[in-house]
Each structure stands twice: as C-alpha cells, then as structure tokens.
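The next block holds one structure in the form of structure tokens; read it before the comments.
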Amino acid sequence: MPFSKYSCSHSRILVLATTTLFLVSVLFLISDSRYLSTLAFVFNERVISRKMNVLLMIGGPHYTGTSILRMLMGEKENFSVMRNTGRAEDEGQHVQTVYARARRYGGPCRYASRSSSVAHMHMTEKNFDPTQLRIFEEWKPYWNLSKPVLVEKSPPNIIRSTWLQALADAKGVEMHFVFTMRHPFTIIQKNCPANWYEYTKGWFTMMEILESEIVKLKHAYIIRYEDWMSTESHVYEVLDRLETLMLSLRKNANTYLEQNSTRLLLSKRRKLGHSGKWKMERRMLKFRGNRGADHVQTRIKRVQWKRTDLIQEFKNKFETKLNRYGYSMNHTKVLSRLPENFKSRLIST
2 MPFSKYSCSH SRILVLATTT LFLVSVLFLI SDSRYLSTLA FVFNERVISR
52 KMNVLLMIGG PHYTGTSILR MLMGEKENFS VMRNTGRAED EGQHVQTVYA
102 RARRYGGPCR YASRSSSVAH MHMTEKNFDP TQLRIFEEWK PYWNLSKPVL
152 VEKSPPNIIR STWLQALADA KGVEMHFVFT MRHPFTIIQK NCPANWYEYT
202 KGWFTMMEIL ESEIVKLKHA YIIRYEDWMS TESHVYEVLD RLETLMLSLR
252 KNANTYLEQN STRLLLSKRR KLGHSGKWKM ERRMLKFRGN RGADHVQTRI
302 KRVQWKRTDL IQEFKNKFET KLNRYGYSMN HTKVLSRLPE NFKSRLIST
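Per my numbering, residue 2 is the first one in the sequence shown, and the count goes up by one each step.
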C-alpha cells in the first residue's frame with residue numbers, strides 16, 4: 002500500500018509537470034510572432050496575418066520584366082513567391098476564380114487593346130464585393146506563410162490595382178505594389194510582331210490607367226526596365242531598395258552582391274559606327290527559379306531596332322505619347338521625363 006501511494010503521487014507530479022511545461026511552451030511560442038505560422042500549420046489553420054504578412058503585387062505590361070522580378074524576389078529570405086501552381090509563370094491569375102484571365106481576352110499581346118476587353122478586365126475599388134475575398138484562400142496554398150512578404154505576380158495587376166487594395170483593406174492586411182515598364186518597340190519585335198499595333202495600343206492604355214490610379218495606392222513603386230538592367234550591381238541594389246521600403250531592413254548590398262554575383266552575367270554595351278544607336282549584346286541571367294529545373298536561364302535583349310520596316314510608322318503613330326513616358330524612336334536612351342505620378346515612385350534609377 003505505501004508503495005502504491007508513493008507511485009500514484011509521483012505519477013500526479015509527473016503529469017502536472019508535463020502539463021505545465023507544455024503550457025509554458027505554447028505561451029512562449031504564441032508570444033513570438035515568428036512561430037505563429039508554425040502553430041497555425043500544426044492545427045491546420047493557415048492564415049494570412051496582418052502582423053506577420055505584407056502582400057506585394059507585381060504588375061505591368063507583358064514582357065516588361067515581371068517574371069525576372071518575381072524570380073529574383075523568390076531568392077530573398079524575406080519573400081515568398083507563389084510556387085508549384087502548375088500554371089504558366091506561377092501567376093496568381095491562373096489559380097483563382099474571381100476575375101477573368103488575360104488569355105480570355107486575347108492574351109498578352111492583345112487583351113488591353115480593345116475597349117470591350119478593358120471594360121471587363123479593368124477593376125477598381127467600385128468593383129469590390131466581400132465574396133471576392135475568397136481569392137486569398139485560393140492563393141495561400143502556394144505561399145510560405147512564415148515569410149514576412151507574400152508575392153503575387155500577374156501582369157494585369159496594373160489595371161486592377163485599386164480593386165486589389167480594396168481587397169487588402171477588407172482583409173486587414175498591408176499591400177504594396179511594384180509596376181514594371183519597358184520600351185514597347187523592344188517588345189513587339191520579338192514577342193508580338195504580328196500584333197504590334199494592338200500591343201502598343203494596349204501598352205498606352207495600361208500606362209494611362211496606372212497614371213490615373215497610382216495616386217490612390219498607399220504603397221506603390223515603379224521599376225523602369227532600362228534603368229534597372231543598366232549594370233549587374235544595380236539589379237540587386239534596386240531589389241534591396243524595394244525590400245528596405247517594404248520592411249525597413251538595412252541590408253548590406255555590397256556583401257549580398259559579393260555572395261551572389263556569379264548568378265548574374267551581363268555584357269557591356271557597344272556603340273556602332275556613327276549611327277548614334279546603342280546595340281546591346283545578348284545577356285544571360287541565371288536564376289534559381291520554378292520552371293521545372295533547379296537553375297533557370299533567361300535570355301534578354303536590350304533595345305535593338307531590327308524591324309526597320311516599322312520604325313517610321315511606329316514613330317508617326319506613337320512618338321509624342323512615347324515621349325511622355327520617357328521613351329523615343331529617335332534613340333534608345335531613356336528620357337528624363339515621366340508623368341509626375343511616376344517620378345516620385347520610380348525606384349530603378
């Protein structure tokens with residue numbers, strides 16, 4: 002009998018000690034926001050938390066550098082890009098049921114060129130409906146929710162930014178935007194040669210929509226491709242600048258570049274003859290990305306006037322409007338001018 006009492010008493014002490022240790026551990030984890038997502042995952046209640054996550058939406062006309070930006074952001078410790086969606090470029094537009102994809106209205110080269118298409122795809126805060134908040138539930142399986150910044154990249158975000166911000170406000174999360182831009186003539190030569198007029202018309206439509214709506218966005222930044230890709234070091238400097246703006250982090254850009262410089266191989270530009278035009282040799286950017294391989298190679302060319310048959314026609318139709326956004330058909334250097342709404346948000350210079 003004495004032995005059983007002794008044994009029973011020790012058992013109660015052991016259970017009490019174990020329970021206390023468990024409760025203390027849980028309280029410690031809950032007090033540290035870094036472990037919230039781990040606990041949520043354990044209990045199968047993965048959530049996008051206002052205290053934990055910031056949303057970064059990438060948009061811009063197709064072929065202006067949105068995919069490159071997404072891949073490079075995915076290499077940074079504080080960012081989680083969408084992965085393993087099984088869809089093109091792991092874009093969020095392909096894994097949701099709230100709005101129509103660009104493909105439905107003609108694809109990358111044409112969707113913004115028709116007024117009827119733009120009327121369907123252009124979404125503002127007036128289009129917000131609480132039922133649309135399901136989009137976050139549809140996206141979150143493809144993010145690592147333990148990361149501070151969750152990145153979604155879909156080029157048409159450029160024409161639905163105020164609607165996205167309305168969603169974020171209703172969800173109670175902070176949302177930032179980064180938009181890319183690039184000389185449209187560079188793009189039509191390779192990517193949209195048969196639909197060059199439609200693409201260019203759509204390019205201006207998107208720029209005009211962004212110019213009018215960007216003032217409504219709480220946090221918005223612009224990256225001009227030609228500035229961004231000027232040198233190897235500048236590519237990463239712009240990324241660090243964006244990270245600092247979003248998270249107030251003071252990263253040592255030089256150390257980061259020393260550790261990662263072999264990933265990015267950029268050639269220098271050459272001036273040919275007396276034409277006054279710049280020819281860029283082929284550049285090769287090496288990324289660790291998510292296109293079915295451990296290492297991804299993406300080839301990018303700078304402005305080269307190869308479609309000589311289109312130069313004069315393009316200039317006659319678009320030169321004045323091009324100048325407004327810092328581009329010209331007279332030379333391939335970017336101009337200093339930009340709309341005022343863009344200048345204050347440009348982070349690529």
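Virtual Cβ for every residue (Gly too), placed ideally from N, Cα, C. Since the model is a prediction, treat every value here as computed from it, not as a measurement.
| Query | Result |
| --- | --- |
| Helix, strand or coil for residue 328 per DSSP? | coil |
| Between the alpha carbons of residue 137 and residue 19, how many angstroms are there, rounded? | 38 Å |
| Use the C-beta contact count for residue 186: other C-beta atoms within 10 angstroms, 16 or more gives buried, fewer gives exposed. | buried |
| Can residue 336 and residue 329 be called in contact, C-beta distance under 8 Å? | yes |
| Identify every run of the alpha helix (DSSP H) within the segment 157 to 245, keeping only runs that are complete inside it and at least 4 residues long; order them along the chain. | 162 to 172, 185 to 191, 197 to 214, 226 to 229 |
| Please name the residue in 121, 242, 214, 319 whose C-alpha comes closest to that of residue 347. | 242 |
| Is the separation between the beta-carbon of residue 223 and that of residue 343 shorter than 8 Å? | yes |
| Please list the segments of the alpha helix (DSSP H) lying wholly inside the segment 106 to 138, counting only runs of 4 or more residues, in order along the chain. | 116 to 122 |
| Quick check: the Cα distance between residue 372 and residue 312, rounded to an integer number of angstroms? | Because the chain is modelled from 2 through 350, residue 372 falls outside the range shown and cannot be assessed. |
| Is the beta carbon of residue 109 sitting closer than 8 Å to the one on residue 177? | no |
| So residue 171 packs on residue 134, CB below 8 Å; how close in whole Å? | 6 Å |
| Which term fits residue 89, buried or exposed, when burial requires 16 or more other beta carbons within 10 angstroms of its beta carbon? | exposed |
| Pick out whichever of 208, 196, 197 has its Cα sitting closest to the Cα of residue 327. | 208 |
| Quick test of the definition: if touching needs 3 or more C-beta pairs under 8 Å, does the segment 121 to 129 touch the segment 153 to 167? | yes |
| Specify, as a first and last residue, the run of the beta strand (DSSP E) that residue 68 falls within. | Element bounds for residue 68: not the beta strand (DSSP E) but the alpha helix (DSSP H), 67 to 75. |
| In three-state DSSP terms, what is residue 247? | helix |
| In three-state DSSP terms, what is residue 59? | strand |
| Examine the Cβ distances between the segment 102 to 120 and the segment 154 to 163 and report whether three or more of them are shorter than 8 Å. | yes |
| Taking residue 341 as part of the beta strand (DSSP E), name the residues at either end of that continuous run. | That residue, residue 341, is in no beta strand (DSSP E); its alpha helix (DSSP H) goes 341 to 344. |
| Give the DSSP-derived three-state secondary structure of residue 96 in the structure shown. | helix |
| With H, G and I counted as helix, E and B as strand and the rest as coil, what does DSSP make of residue 78? | coil |
| Please classify residue 77 as buried or exposed, where buried requires at least 16 neighbouring CB atoms within 10 angstroms. | buried |
| Thinking C-alpha only, which one of 124, 205, 71, 154 is nearest residue 96? | 154 |
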